[in-house]
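Chains Y and C are the protein sequences, given in the same order.
All residue numbers for the first sequence refer to my numbering, where the first residue is 6 and numbers rise by one.
All residue numbers for the second sequence refer to my numbering, where the first residue is 6 and numbers rise by one.
Glycine included, each C-beta is placed from N, C-alpha and C at the ideal position.
There are 2 protein chains.
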Amino acid sequence: MLTISQLAAYAGVTVRAVRHYHQIGLLPEPERDTSGYRRYNAGAVVSLIRVRILANAGVPLSQIRQLLEADASTFATAVEEIDRQLGDEIARLEASRKQIAQLAAGDRLALAPEVITYLDRLRDIGVSERVVAGERDSWILMSARWPDRVREWMPSKTAQLDDPQLVRLYRILSEVFESDTGDDARLVEAADILASLAEQAYRSGEIDLGEVAQDDLPFDLLDALAVEADPRVERLLELMRERGWDGLARLERLAEPPT
Amino acid sequence: MLTISQLAAYAGVTVRAVRHYHQIGLLPEPERDTSGYRRYNAGAVVSLIRVRILANAGVPLSQIRQLLEADASTFATAVEEIDRQLGDEIARLEASRKQIAQLAAGDRLALAPEVITYLDRLRDIGVSERVVAGERDSWILMSARWPDRVREWMPSKTAQLDDPQLVRLYRILSEVFESDTGDDARLVEAADILASLAEQAYRSGEIDLGEVAQDDLPFDLLDALAVEADPRVERLLELMRERGWDGLARLERLAEPPT
DNA sequence: ATGGGGGGTTGACGCAGCGTCAAGGTCAAG
DNA sequence: CTTGACCTTGACGCTGCGTCAACCCCCCAT
Chain Y
6 MLTISQLAAY AGVTVRAVRH YHQIGLLPEP ERDTSGYRRY NAGAVVSLIR VRILANAGVP
66 LSQIRQLLEA DASTFATAVE EIDRQLGDEI ARLEASRKQI AQLAAGDRLA LAPEVITYLD
126 RLRDIGVSER VVAGERDSWI LMSARWPDRV REWMPSKTAQ LDDPQLVRLY RILSEVFESD
186 TGDDARLVEA ADILASLAEQ AYRSGEIDLG EVAQDDLPFD LLDALAVEAD PRVERLLELM
246 RERGWDGLAR LERLAEPPT
Chain C
6 MLTISQLAAY AGVTVRAVRH YHQIGLLPEP ERDTSGYRRY NAGAVVSLIR VRILANAGVP
66 LSQIRQLLEA DASTFATAVE EIDRQLGDEI ARLEASRKQI AQLAAGDRLA LAPEVITYLD
126 RLRDIGVSER VVAGERDSWI LMSARWPDRV REWMPSKTAQ LDDPQLVRLY RILSEVFESD
186 TGDDARLVEA ADILASLAEQ AYRSGEIDLG EVAQDDLPFD LLDALAVEAD PRVERLLELM
246 RERGWDGLAR LERLAEPPT
């Protein structure tokens, strides 16, 4: 006959856990000896181990009893379900692991390697750290919203950086936001380039991002984030509105541009 | 400016979670509007997402704040540690998944395929379901004790079933335990065979299981389990003692056998 | 027999990370 | 002016035990 601590040791659990299982009726209370000690037979070890196997798989204790009492087919389907959930959980942890790895990989944030590459390209073409940081924060939001889509978008985003107009735009913005002055002339120049790029994109139909466009909250958020980072962005938005475009993260036609 | 529910929606968490993070000081309380509502700026979304990334990786909320405040190198080492733990957890879940799968695979218990094969072999050579069930329970205990070693042992265990003496032993035991009578003559016969097998094993040095032998508690437990399953096992133990052997799951020399 | 150390017993509170009422105040629309 | 969808704080509930507390019990050495 076993004491509670022996039983617990065999099954690799704590004494407290065993008592808990008794309390909630998951394990039957065994006989007591003359001094009130619980006395277990060997079969109790097997029962306890079975309970632990299910518990380790994440099955709530409240379900384990019914599960062990269930008939074979019920049990089998339940096990399938448990296995599915285990698979999901493993996938979740692996995804989380990737995120964490990237988080350490430099930008300390949840960004796909494609995005990191994109940000590095920005630095290469002379974009200031401040502006890169702004882009980074934007992509964090985008990644949170569309974790999978983001990776698809990046190749074309990166390709666009080959356009000298866009490079020029980024450089101007870098200059402006790096300086302490409110250099309006440069902002106007930037707005002109941006409007021109938007016009091109609009004509070629590129401006449509598909389903994403229906849910436009994040884009407002991105613009708000930019304004927060530097209030001069507000002026840029104003200049864009004058040119018939609304927004910044996603440009939306307000009216035909002045000819 | 965002309301709390908008903030929560962007980060994919519940409103309650956000408030909880405020309570424990993980996120700073934002400004309130005239009616006392919390009003968030876009940056709060980024902060919240960062918190969630760490939380999803299993980092306790109490540690997240310090982590986000830490310098880059501290952070990097912490992330390594987190990654390690994630790896461990994934491995644990995968192991659990295997156990669960086997659990459904027929014998409803945590047994390696090698053991299942062994049990099937027992059935093939005519061992009764009752005795197989006893063996199964024993292997559950063994598997709990030495999850890895068990798989190593099985090949030789299975090979031993080629020995006609052992087959005969199992068949006699099956008969005895399947009947309602206390057929002592058959038990004596079984004891003789078992003693003879033990003698062989002892001479060839096979009886030593290595380090395992030092921890002999489980073997007592296995014997106790057998006695529980059928009290006639007690008689078998007695017969074995008469023949100079102690135990059943592991036979131990008591004295030289009567010549 | 006596004391000490290592068991056992019940009972109760503590913990994380929120979920879920309860009991209100607020806002926008019809 | 009502309705319904938000917002507020406060408080208790949940899981699966860990961790006291306060006491009893057994065995061994002195």
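Partners in chain C for residue i, counting only beta-carbon separations shorter than 7 Å
| i | result |
| --- | --- |
| residue 48/Y | 230 and 233 |
Nearest-angstrom Cα separation, counted from residue j out to residue i
| i | j | result |
| --- | --- | --- |
| residue 245/C | residue 175/C | 16 Å |
| residue 205/C | residue 196/C | 14 Å |
| residue 171/Y | residue 248/Y | 18 Å |
| residue 36/C | residue 101/C | 47 Å |
| residue 129/C | residue 138/C | 14 Å |
| residue 54/Y | residue 136/C | 20 Å |
| residue 157/C | residue 24/Y | 34 Å |
| residue 151/Y | residue 103/Y | 16 Å |
| residue 64/C | residue 93/C | 14 Å |
| residue 186/Y | residue 90/C | 49 Å |
| residue 73/C | residue 208/Y | 44 Å |
| residue 218/Y | residue 146/Y | Here the model assigns residue 218/Y a pLDDT of 47, short of 50, so the residue's position is not dependable, and the following value carries that caveat. Distance between the alpha carbons of residue 218/Y and residue 146/Y is about 15 Å. |
| residue 105/Y | residue 95/Y | 15 Å |
| residue 163/Y | residue 88/C | 30 Å |
| residue 52/C | residue 69/Y | 39 Å |
| residue 181/C | residue 239/C | 13 Å |
| residue 29/C | residue 99/C | 34 Å |
| residue 26/Y | residue 38/C | 50 Å |
| residue 40/C | residue 22/C | 22 Å |
| residue 189/Y | residue 235/Y | 14 Å |
| residue 216/Y | residue 14/Y | Confidence at residue 216/Y is low in this model, with a pLDDT of 49, below 50, so its placement is unreliable and the value that follows should be read with caution. So the two alpha carbons sit approximately 57 Å from each other. |
| residue 255/Y | residue 107/Y | 27 Å |
| residue 80/Y | residue 80/C | 45 Å |
| residue 34/Y | residue 71/Y | 17 Å |
| residue 177/C | residue 86/C | 57 Å |
| residue 97/Y | residue 159/Y | 23 Å |
| residue 253/Y | residue 194/Y | 15 Å |
| residue 309/Y | residue 200/Y | Outside the shown range of chain Y, which is 6 to 264, sits residue 309/Y, and nothing can be said about it. |
Beta-carbon proximity of residue i to residue j, cut-off 8 Å
| i | j | result |
| --- | --- | --- |
| residue 227/C | residue 133/C | no |
| residue 241/C | residue 192/C | yes |
| residue 257/Y | residue 251/Y | yes |
| residue 57/Y | residue 117/Y | no |
| residue 140/C | residue 166/C | no |
| residue 66/Y | residue 31/Y | yes |
| residue 230/C | residue 48/Y | yes |
| residue 173/C | residue 198/C | yes |
| residue 233/Y | residue 61/C | no |
| residue 8/C | residue 42/C | yes |
| residue 273/Y | residue 161/Y | The structure shown does not extend to residue 273/Y, since chain Y is modelled only from 6 to 264, so the question has no answer here. |
| residue 83/Y | residue 75/Y | yes |
Within chain C, partners of residue i - CB distance below 8 Å
| i | result |
| --- | --- |
| residue 95/Y | 95, 98, 99 and 102 |
| residue 197/Y | Correct list: empty, because the minimum Cβ distance to chain C is about 27 Å. |
| residue 9/Y | Within chain C, no residue comes near residue 9/Y; the closest Cβ sits about 15 Å away, beyond 8 Å. |
| residue 29/Y | The premise fails here: residue 29/Y is roughly 21 Å from chain C at the closest Cβ pair, so nothing lies under 8 Å. |
Cross-chain neighbours of residue i in chain Y, by beta carbon under 9 Å
| i | result |
| --- | --- |
| residue 91/C | 98, 99, 101, 102 and 105 |
| residue 177/C | Per Cβ cutoff of 9 Å: no residues; residue 177/C is ~23 Å from chain Y at best. |
Residue i: contacting residues in chain Y (beta-carbon distance under 7 Å)
| i | result |
| --- | --- |
| residue 189/C | Within 7 Å Cβ-Cβ: nothing; residue 189/C doesn't reach chain Y, min ~25 Å. |
| residue 142/C | 51 |
9 Å Cβ cut-off: residues of chain C touching residue i
| i | result |
| --- | --- |
| residue 62/Y | 98, 101, 102, 104, 105 and 108 |
| residue 88/Y | 102, 105, 106 and 109 |
| residue 120/Y | By Cβ distance, chain C contributes nothing, its closest Cβ being about 14 Å from residue 120/Y, past 9 Å. |
| residue 69/Y | Going along chain C, no residue has its Cβ under 9 Å from residue 69/Y, so there is no contact; the nearest lies around 12 Å. |
Given residue i as reference, the closest of the options once Cα atoms are compared
| i | options | result |
| --- | --- | --- |
| residue 179/Y | 127/Y, 95/Y, 47/Y and 76/Y | 127/Y |
| residue 50/Y | 22/C, 223/C, 239/C and 235/C | 223/C |
| residue 131/Y | 183/Y, 22/Y and 155/Y | 183/Y |
| residue 44/C | 71/C, 75/C, 159/C and 6/C | 6/C |
| residue 155/C | 69/C, 81/C, 235/C and 122/C | 122/C |
Chain-ordered chain Y contacts of residue i [CB-CB under 8 Å]
| i | result |
| --- | --- |
| residue 130/C | Those do not exist, as residue 130/C stays about 24 Å from chain Y at its closest Cβ, beyond 8 Å. |
Worksheet entry | Every unbroken alpha helix (DSSP H) within the stretch 24–97 of chain C, with a cutoff of 4 residues, ordered by chain | 47–61 and 66–74
Discussion item. What ranges does the alpha helix (DSSP H) occupy inside the stretch 155–219 of chain Y, keeping only unbroken runs of at least 4 residues that lie completely in it?
Written reply: 169–183 and 189–208
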